[in-house]
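Enquirer: Okay, handing you the structure first.
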DNA sequence: GCCTGCCGACTGAACGCTCGCTCATACACC
DNA sequence: GGTGTATGAGCGAGCGTTCAGTCGGCAGGC
């Protein structure tokens with residue numbers, strides 16, 4: 037969990053400890069331990085004692101750095117989203133220097149998702165367990181990540197790499213790409229029977245590129 | 037919850053009560069009550085007492101029809117999947133009589149998903165809480181639903197309605213359609229800001245149809 | 001019609017246990 | 001000695017689950 041370089045909201049969670057550096061250090065221990073356990077057993081089945089143990093702390097100490105188990109879940113979600121955002125940012129940056137920009141963007145992003153499978157699943161499963169306050173915070177990050185794709189695709193349209201589609205269509209394409217990444221994580225148990233990640237990437241990429249080729253003035257919602 | 041007409045695995049869950057009809061009746065009460073509460077508060081935050089109360093039963097009685105809270109979760113997932121499968125089956129059947137078959141299939145399916153938003157979210161969130169035994173049972177149903185789309189698309193290829201694509205591509209298309217339905221449910225908080233269900237349907241449909249138009253001999257995985 | 005005995009669905013107080021969280025105490029450093 | 005961090009036994013609310021007991025209804029004997 038190396039959530040540097042991207043803004044997180046962890047600082048909004050109160051702590052008893054005054055040494056700021058120490059807070060960061062201990063919280064990383066705690067979050068790392070918690071992520072592992074949550075992935076393995078889920079939030080509700082994991083006890084705070086287990087987390088403390090895995091983080092090499094006593095329960096007492098744990099509660100010096102965190103006000104409640106729910107806060108801890110928020111720290112976990114925040115860290116994962118941070119990592120995700122960092123990954124996506126880098127992926128998009130790397131891709132923009134390449135020849136086939138869109139294909140590379142998709143590829144890089146899907147590879148990030150492939151690495152973060154467990155984390156993505158965790159987010160889908162446990163976001164609901166957050167207090168409303170933290171949940172909206174987490175969803176904001178999700179919006180931000182999708183936003184990166186909005187921008188990237190619109191830029192490609194402006195640059196003439198993609199045909200000049202209408203805004204709703206482009207935005208939905210961004211949504212689709214984001215979700216296809218999640219889909220690989222959420223349905224890996226099913227998809228991985230039939231496809232390797234590389235096959236998955238090239239098939240989905242082909243689908244998108246084809247859809248641009250075929251896009252002319254076909255009235256949507258009729259014929260097949 | 038009207039899970040008639042489709043096979044469910046509810047009969048695999050043991051009960052103390054001998055009258056078969058009564059078991060069906062009471063379990064429907066229980067499942068209906070549980071679905072509502074689970075959607076509202078999640079599985080873990082809902083107590084068995086609450087479920088019993090909402091189902092107009094005593095806790096004692098509840099446990100005559102169910103061996104554990106986890107079994108009850110399975111009954112819920114099973115019922116939802118049953119309803120889903122029934123919906124999909126009907127949707128595909130209705131669509132096959134229409135003119136633009138594929139577009140109609142998508143439309144009908146998405147409308148089913150739109151109605152079942154809460155249930156879909158529930159499944160994504162709580163399937164992990166099932167004991168392994170029941171989880172595989174639930175996933176089997178998911179495979180079956182996706183299978184319906186596999187068949188439907190392959191049939192359209194055979195009939196020449198769709199171009200003769202390779203099997204992996206067609207199967208992935210089926211996956212995509214299934215997941216787009218789920219996506220509408222899972223990201224409704226985001227998507228519904230920008231699209232109505234009808235816009236969502238026509239945009240996604242256009243994307244698919246275009247991808248067929250554009251599909252010729254484009255080597256997948258290169259260029260953009 | 002009435003009594004009796006049995007069946008089986010139903011009830012809810014009570015049990016045992018888990019788990020989030022606290023706090024009195026100890027320790028380390030200045 | 002004062003400040004700040006670490007410890008872990010202990011607390012108690014809340015939960016899933018059980019079980020001794022209730023009660024309506026039905027079959028059969030008279």
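Protein chains in written order, with our numbering: chain S, 37 to 260; chain D, 37 to 260.
Where is the CB? At the ideal position from N, CA and C, for every residue including glycine.
These numbers were taken from a predicted model, which means no experiment stands behind them.
1) State the Cα-Cα distance for the pair residue 96 of chain S and residue 104 of chain S, rounded to the nearest angstrom.
2) Examine chain S for any beta-carbon lying closer than 8 angstroms to the beta-carbon of residue 59 of chain D, and answer yes or no.
3) Any Cβ of chain D within less than 8 angstroms of the Cβ of residue 205 of chain S?
4) Does the Cβ-Cβ distance between residue 174 of chain D and residue 114 of chain D come in under 8 angstroms?
5) Out of S/217, S/204 and S/169, state which residue places its alpha-carbon closest to the alpha-carbon of residue 111 of chain S.
6) Using 8 angstroms as the limit for Cβ to Cβ distance, is residue 175 of chain S near chain D?
7) Would DSSP call residue 186 of chain D helix, strand or coil?
8) Between which residues of its own chain and residue 256 of chain D is the CB-CB distance below 6 angstroms, once the five residues before and five after are set aside?
9) Residue 252 of chain S by DSSP, collapsed to three states: which one?
10) Can you tell me whether DSSP reads residue 84 of chain D as helix, strand or coil?
11) With a threshold of 8 angstroms between beta carbons, is residue 74 of chain D in contact with chain S?
12) Any idea if residue 210 of chain D is buried or exposed, counting beta-carbon neighbours within 10 angstroms, 16 or more meaning buried?
13) List the residues of chain S whose Cβ lies closer than 9 angstroms to the Cβ of residue 104 of chain D, in chain order.
14) With 9 angstroms as the limit, tell me which residues of the stretch 219 to 233 of chain D have their beta carbon closer than that to any beta carbon of chain S; keep them in chain order.
15) So, do the stretch 215 to 232 of chain S and the stretch 154 to 167 of chain S have three or more beta carbon pairs nearer to each other than 8 angstroms?
16) What is the rounded straight-line gap between the Cα of residue 127 of chain D and the Cα of residue 141 of chain D?
17) If I measure Cβ to Cβ from residue 67 of chain S and keep anything under 7 angstroms in the same chain, skipping five residues before and after, which residues do I get?
18) Which ranges would you report for the alpha helix (DSSP H) in the stretch 158 to 225 of chain D if only whole runs of at least 4 residues count?
19) So residue 104 of chain D is in the alpha helix (DSSP H); what residue range does that whole segment cover?
20) Measure the CB-CB distance between residue 100 of chain D and residue 51 of chain D and report whether it falls below 8 angstroms.
21) Between the stretch 147 to 168 of chain S and chain D, which residues of the former have a C-beta closer than 9 angstroms to a C-beta of the latter?
22) Find out if the Cβ-Cβ distance for the pair residue 184 of chain D, residue 137 of chain D is shorter than 8 angstroms.
23) Answer yes or no: does any C-beta atom of chain D fall closer than 8 angstroms to that of residue 215 of chain S?
24) If you draw a straight line from the C-alpha of residue 242 of chain D to the C-alpha of residue 70 of chain S, how long is it?
25) Interface residues of chain D around residue 239 of chain S at Cβ under 7 angstroms?
26) Roughly how many angstroms separate the alpha carbons of residue 196 of chain D and residue 72 of chain D, rounded to a whole number?
27) If I'm right that residue 74 of chain S touches residue 165 of chain S with Cβ under 8 angstroms, what's the distance once you round it to whole angstroms?
28) Where does residue 134 of chain D sit, in a helix, a strand or coil, going by DSSP?
29) Assign residue 76 of chain S to one of three DSSP states: helix, strand, or coil.
30) Could you check whether residue 240 of chain S and residue 225 of chain S sit closer than 8 angstroms to each other, using their CB atoms as the reference points?
31) Taking the alpha-carbon positions, what's the residue 171 of chain D to residue 152 of chain D distance?
32) So for residue 55 of chain S, helix, strand or coil by DSSP?
33) Should residue 88 of chain S be labelled buried (16 or more other beta-carbon atoms within 10 Å of its own) or exposed?
34) What residues in the stretch 178 to 192 of chain S bring their beta carbon closer than 9 angstroms to a beta carbon of chain D?
Expert: Taking the coordinates as given:
1) 12 angstroms
2) no
3) yes
4) yes
5) S/169
6) yes
7) helix
8) Any reading at residue 256 of chain D needs caution, since the residue's pLDDT is 40, under 50, leaving its predicted position unreliable; the model's value is listed next. Contacts found: none.
9) Summary for residue 252 of chain S: the model assigns pLDDT 49, below 50, so the residue's position carries little reliability; its value from the coordinates is reported in the next sentence. In the structure shown, residue 252 of chain S sits in coil (DSSP, three-state: anything other than H, G, I, E or B).
10) helix
11) no
12) buried
13) Those do not exist, as residue 104 of chain D stays about 15 angstroms from chain S at its closest Cβ, beyond 9 angstroms.
14) 219, 222, 223, 225, 226, 227, 230 and 231
15) yes
16) 6 angstroms
17) 37, 111, 112 and 115
18) 168 to 194 and 203 to 222
19) Neither: residue 104 of chain D is in no alpha helix (DSSP H) and is coded neither H nor E.
20) yes
21) 157, 160, 161, 162, 163, 164 and 165
22) no
23) yes
24) 43 angstroms
25) 204, 205, 208 and 256
26) 44 angstroms
27) Between residue 165 of chain S and residue 74 of chain S the Cβ distance is about 10 angstroms, and since that is not below 8 angstroms, they are no contact.
28) coil
29) helix
30) no
31) 20 angstroms
32) coil
33) buried
34) 178, 179, 182 and 192
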